[in-house]
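Peer 1:
Numbering (the working numbering), first residue to last: 8 to 397.
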């Protein structure tokens, strides 16, 4: 493949690594020359069951032969089944399906405004360093100036507070015109920053006290990534809404916004919609993903602990490393040297890792990864970090 063709035919929006991936198997991917790479990135936390998982292959093959799309003007069995699963697993009440993370967040924002309209509430509270998407609504609640500035003016009515600052949250909510607080239980793109339990508990308490909705963005942290089906389950707190995408489709594009009845009761025909959302193909696959991930949760917790311990043992003491944060199979390593350069050097050694935050190496492998493969990847990363600081 001639990499120069990208600049001829594709919009100049991505800074790609100089690597062409042609296939994947399990937790490995292969380039056009047949070189193998251990994947610690999962297509940005998407490929939850790795590559060419037999049950996903079977689900795709079977559903393509029957029905891929018919629109939401009609009923389809895979969509109803997936909604039932998500309601059961989340403890919430209703589901809206769409096609991506930013769409799932946008739906949550619209539903919040709809709920708040008759209450005279329309504003949102978000957090500094958050990331909620790239469309105008989700971008407006994203707490990173580098993403927002080129597209201003954005949607108004958004206030940002520091992450984990419960006092600042109350100071804003008491003003009375906020319809919702949007939070990532673990900030993903912002650098893998887990929320403190007391902050999440405080957010729930304050939203109830001041009559605002609590919307969790679990586009990256949800669907088993942290060792529980939803990241909010680590905190013993239930949101009014949760936005999902990435790992839910196991590689196919899907988004979902799960809501409670308090929100659902304010929605009416025509308030929101998606032509492709919840189509039979992606929902058939997502049903398989949820079934597999639910059974994998003990494994994810086990290998997640193994990964965390190995990172603290082998990576944390290195001169180039500033801090390690994470939970389950979602870790960030702050480094002194250039994180992008570290990722490029890891590729040469047969490992895919990606960046996030200001200068963080992100580790989000497929949920099926084993301890031996974790060792393999961490040892490669250790070698690269040692060479960079030596």
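Heads up, the beta-carbon is just placed ideally off N, CA and C, and yes, glycines get one too.
Residue 248: which of 224, 231 and 16 sits nearest, CA to CA?
Peer 2: Per the Cα distances, 224.
Peer 1: Say whether the stretch 252 to 263 touches the stretch 102 to 115, bearing in mind that this needs 3 or more beta-carbon pairs closer than 8 Å, one atom from each stretch.
Peer 2: Touching, yes.
Peer 1: Give the straight-line distance between the Cα atoms of residue 377 and residue 310, rounded to the nearest whole angstrom.
Peer 2: 7 Å
Peer 1: Extract the residue ranges of the alpha helix (DSSP H) inside the stretch 143 to 203, only unbroken runs of 4 or more that lie entirely within it.
Peer 2: Under the rule that a run must span 4 or more residues, the alpha helix (DSSP H) segments found entirely inside the stretch 143 to 203 read 143 to 147, 152 to 155 and 173 to 180.
Peer 1: For residue 367, which option in 346, 350 and 374 has the closest C-alpha, if you only look at C-alpha atoms?
Peer 2: 346
Peer 1: Indicate the three-state DSSP secondary structure (helix, strand or coil) for residue 303 in the structure shown.
Peer 2: The answer is helix: DSSP assigns residue 303 an H, G or I state.
Peer 1: What does the alpha-carbon distance come out to for the pair residue 338 and residue 83?
Peer 2: Going from the Cα of residue 338 to the Cα of residue 83 covers about 38 Å.
Peer 1: How big is the Cα-Cα spacing for residue 349 and residue 50?
Peer 2: 18 Å
Peer 1: Cα separation between residue 195 and residue 276?
Peer 2: Cα to Cα, residue 195 sits roughly 34 Å from residue 276.
Peer 1: Grab the span of the beta strand (DSSP E) containing residue 38 for me, first residue to last.
Peer 2: 35 to 38
Peer 1: Report back the beta-carbon spacing between residue 258 and residue 53 to the nearest angstrom; my notes put them in contact at under 8 Å.
Peer 2: 6 Å
Peer 1: With a threshold of 9 Å between beta carbons, is residue 285 in contact with chain B?
Peer 2: Of the chains in the structure shown, none is chain B; there is only one protein chain.
Peer 1: Please state whether the Cβ-Cβ distance between residue 384 and residue 370 is less than 9 Å.
Peer 2: For residue 384 and residue 370, yes; Cβs fall inside 9 Å.
Peer 1: Is the stretch 226 to 243 touching the stretch 187 to 205, taking contact as three or more C-beta pairs under 8 Å?
Peer 2: yes
Peer 1: DSSP three-state call for residue 28: helix, strand or coil?
Peer 2: strand
Peer 1: Pull up the distance between the alpha-carbon of residue 116 and that of residue 96, whole angstroms please.
Peer 2: 22 Å
Peer 1: Can you find the residues in the same chain that come closer than 7 Å, C-beta to C-beta, to residue 32, ignoring five residues on each side of it along the sequence?
Peer 2: Closer than 7 Å at the Cβ level, and outside the excluded window around residue 32, lie 58 and 59.
Peer 1: In the DSSP assignment, the beta strand (DSSP E) including residue 133 goes from what residue to what residue?
Peer 2: 130 to 134
Peer 1: Per DSSP, residue 263 forms a beta bridge with which residues?
Peer 2: 104 and 251
Peer 1: The beta strand (DSSP E) with residue 63 in it runs from where to where?
Peer 2: No beta strand (DSSP E) holds residue 63; the alpha helix (DSSP H) holding it covers 61 to 71.
Peer 1: Counting only runs that start and end within the stretch 263 to 341, where is the alpha helix (DSSP H) found for 4 or more residues in a row?
Peer 2: 268 to 271 and 287 to 317
Peer 1: Please work out which residues of its chain come closer than 8 Å, Cβ to Cβ, to residue 296, disregarding the five sequence neighbours upstream and downstream, and give them in chain order.
Peer 2: 55, 56, 63, 230, 254, 255, 256 and 257
Peer 1: Within 10 angstroms of the Cβ of residue 134, are there 16 or more other Cβ atoms? Answer buried if so, exposed if not.
Peer 2: It counts as buried.
Peer 1: So, is residue 359 buried or exposed, given that buried needs 16 or more other C-beta atoms within 10 angstroms?
Peer 2: buried
Peer 1: Tell me the DSSP secondary structure of residue 16 in three-state form.
Peer 2: helix
Peer 1: Please classify residue 302 as buried or exposed, where buried requires at least 16 other C-beta atoms within 10 Å of its C-beta.
Peer 2: exposed
Peer 1: Mind checking residue 71: buried by the 16 CB within 10 Å criterion, or exposed?
Peer 2: exposed
Peer 1: Would you grab the beta carbon distance between residue 2 and residue 293 for me? Rounded to a whole angstrom, and I think it's under 8 Å.
Peer 2: In this structure the chain extends from 8 to 397, so residue 2 is not present and cannot be described.
Peer 1: Looking at the strands, I want to know which residues DSSP matches up with residue 362.
Peer 2: 368, per the DSSP bridge assignment.
Peer 1: So, at 8 Å on beta carbons, what are the nonlocal neighbours of residue 386 in its own chain, with the 5 sequence-adjacent residues on each side left out?
Peer 2: 321
Peer 1: Among residues of its own chain, excluding the 5 on either side of residue 316, which ones have a beta-carbon nearer than 6 Å to its beta-carbon?
Peer 2: none
Peer 1: For residue 99, tell me which candidate among 271, 289 and 323 has the shortest Cα-Cα distance.
Peer 2: 271
Peer 1: For the beta strand (DSSP E) containing residue 43, list its first residue and its last residue.
Peer 2: 43 to 46
Peer 1: Would you list the residues sitting across from residue 257 in a DSSP beta bridge?
Peer 2: 259
Peer 1: Using alpha carbons as the reference points, say which of 239, 273, 336 and 340 lies closest to residue 326.
Peer 2: 340
Peer 1: Which residues in the same chain have their Cβ closer than 8 Å to the Cβ of residue 94, if we skip the five residues on either side of it in sequence?
Peer 2: 100, 101, 102 and 265
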